[in-house]
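Q: The structure under discussion is supplied below as structure tokens; questions concerning it will follow.
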Amino acid sequence: MTISDTNPPASTGQGGSPPHGAAAPTHHVAPQADHADRAKSFVQRVADLRAWLFLAALIIVFESWARLDFGGTFVLNGFNLQSIAIFAVAPLLLATGQTFVIISGGIDLSLGFIMGLAAVVASHAINALNPALGLPLAVLGGFVIAVAVAAIPGFVNGLLISRLKVPPFIGTLGMFGVARGVAFLLAGGTTVPVSNSVFATIGNGRFYSIPYIVIIAAVFVLIMHYLLSQTRFGQHNYAIGANVQAARRSGIDIKSHLLRLYILSAICAGVAGVLYAARFSAGAAQAGEPLLLDSVAAVVIGGASLFGGSGTILGTVAGALVIAVIQYGLVFVNVEPFWQFISVGVVIIISVLIDQAQRRFSGGRQDE
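Each residue of the sequence shown is one higher than the one before, counting from 1168 in this note's numbering.
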């Protein structure tokens, strides 16, 4: 064998093109591919961090506003930080449940009034258990009863969606009305005051300047973060949201998962309702009504896609803090509260546009 046999000269086909089977030169494509990869990477980083970027920008704006207008401080004020954290508790807990649902490709419109139902049930239960169990055990019993009752509409939602194939929007909208009616019936059209000093301490007490309800919410959210990011349940949730048919073919029990998913979402709303009742020493049927939009907004701002398959609990935490900073910050600088809705709406729109750009760059599905 000669050297020319082992190293044949490069040849070209007709018109200077490489012959069939030969690799075409790619050096002229590399710069374009490199630019595309860089753009995709940049969009991905911005999309992943958008909630934290929003949060940082808002803090800078309100801090500057406070210093210029009245020489005060916004961030370095301990009272303000506590107030923002308290503002964020109920929306964050609702948004935590909503995160699981949205990642799966659904939505839960009933969470606001499930929260109100839990607040009313907790108030009635604690008042009824006070004489028999004493103050601390009455609180524990009321908590268990309220969360268990909150899980019932979640169970019904799960049955409607998983077994009867009702679209999540329609099924949870119907449960929105049912939970609302039951909550107002149990409340008798008014708030239900709670007479329990332990419950009041949980709602308004502090541990080294940190409100108890913030600590409880933080522990609960961390558990949910672990459930979503580190367990098979969480992996299945992402798989269903990304491609339900592929998830079914891989052996995931879709019906069972969705049933448990909506129960879990309702439990999150139940915990939010109990902490609301503790904070105000009263349960109100309408407690969670204005927080439904906030729960969806926190999830979207936090980086979850409304198409399903992506999102994190930590992103939702950042999203809830963004909303809390907007709401409290505008009050702090004496701006009319109506601007809260405008501001949150603008942030939602920006987040959705970023999500669309992310999906476009990553080759994801686009709805025309």
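Each residue gets a CB set at the ideal place from its N, CA and C atoms; glycine is no exception.
Are the region 1377-1392 and the region 1470-1487 touching, with three or more C-beta to C-beta distances below 8 Å?
A: Touching, per the Cβ criterion.
Q: Considering only residues of the same chain and omitting the five flanking positions on each side of Val1314, which have a CB-CB separation below 8 Å?
A: Cβ within range, chain order: Ala1285, Ile1434, Gly1437, Val1438 and Val1441.
Q: In the DSSP assignment, find the alpha helix (DSSP H) that holds Thr1483 and state where it starts and stops.
A: Unbroken alpha helix (DSSP H) run through Thr1483: Ile1480 to Phe1499.
Q: Which residue comes first and which comes last in the alpha helix (DSSP H) that contains Asp1461?
A: Its alpha helix (DSSP H) spans residues Leu1459 to Ile1468.
Q: Output yes or no for whether 8 Å exceeds the beta carbon distance between Ser1432 and Gly1321.
A: Going by C-beta atoms, Ser1432 is nearer than 8 Å to Gly1321.
Q: What does a CB cutoff of less than 6 Å around Ala1409 pick up in its chain, not counting 5 residues either side in sequence?
A: Hits under 6 Å: Gly1476.
Q: Touch check for the region 1504-1522 and the region 1485-1494: three-plus C-beta pairs under 8 Å?
A: Touching, yes.
Q: First and last residue of the alpha helix (DSSP H) that includes Phe1322?
A: Unbroken alpha helix (DSSP H) run through Phe1322: Leu1302 to Ser1329.
Q: Shortest alpha-carbon distance to Ile1293 belongs to which of Trp1232, Val1361, Lys1332 and Phe1447?
A: Taking only the C-alpha atoms, the option nearest Ile1293 is Val1361.
Q: Could you give the residue range of the alpha helix (DSSP H) that holds Lys1332?
A: Segment: none, Lys1332 is in no alpha helix (DSSP H) and carries neither H nor E.
Q: Count the other CB atoms, across all protein chains shown, that sit within 10 Å of the CB of Pro1378; report buried if there are 16 or more and exposed otherwise.
A: Buried, because 16 or more other Cβ atoms sit within 10 Å of the Cβ of Pro1378.
Q: From the DSSP output, in three-state form, read off Val1359 for me.
A: Strand, per DSSP.
Q: Where does the unbroken alpha helix (DSSP H) through Thr1263 begin, and where does it stop?
A: First-last of the alpha helix (DSSP H) with Thr1263: Gly1245 to Ile1270.
Q: Measuring alpha carbon to alpha carbon, tell me which of Phe1499, Val1466 and Phe1505 ends up nearest Ile1226.
A: Per the Cα distances, Phe1499.
Q: Here's the rule I'm using: 16 or more other beta-carbon atoms within 10 Å means buried, otherwise exposed. How should Leu1222 be labelled?
A: Classification of Leu1222: buried, given that the 10 Å Cβ count is 16 or more.
Q: Pull up the distance between the alpha-carbon of Pro1334 and that of Gly1272, whole angstroms please.
A: Answer to the nearest angstrom: the Cα atoms are 11 Å apart.
Q: Would you list the one or two residues that DSSP bridges to Pro1378?
A: According to DSSP, Pro1378 bridges with Arg1373.
Q: Starting from Gln1402 and walking both ways along the alpha helix (DSSP H), at which residues does that stretch end?
A: Per DSSP, Gln1402 belongs to the alpha helix (DSSP H) from Arg1399 to Ala1409.
Q: Can you tell me whether Val1502 is buried or exposed, with buried defined as 16 or more other CB within 10 angstroms of its CB?
A: It counts as exposed.
Q: Skipping 5 residues on each side, what residues in its chain have a beta carbon closer than 8 Å to that of Ile1382?
A: Excluding positions up to five away in sequence, the list reads Phe1374.
Q: For Ile1122 and Phe1229, I'd like the C-alpha separation in whole angstroms.
A: With the chain running from 1168 to 1535 in the structure shown, residue 1122 is simply not present.
Q: Can you tell which of Leu1497, Pro1457, Ala1471 and Leu1428 has the C-alpha that lies nearest to the C-alpha of Gly1264?
A: Out of Leu1497, Pro1457, Ala1471 and Leu1428, Leu1428 has the C-alpha closest to the C-alpha of Gly1264.
Q: Alpha carbon to alpha carbon, how far is Ala1218 from Ser1290?
A: Near 35 Å, if we compare the C-alpha coordinates of Ser1290 and Ala1218.
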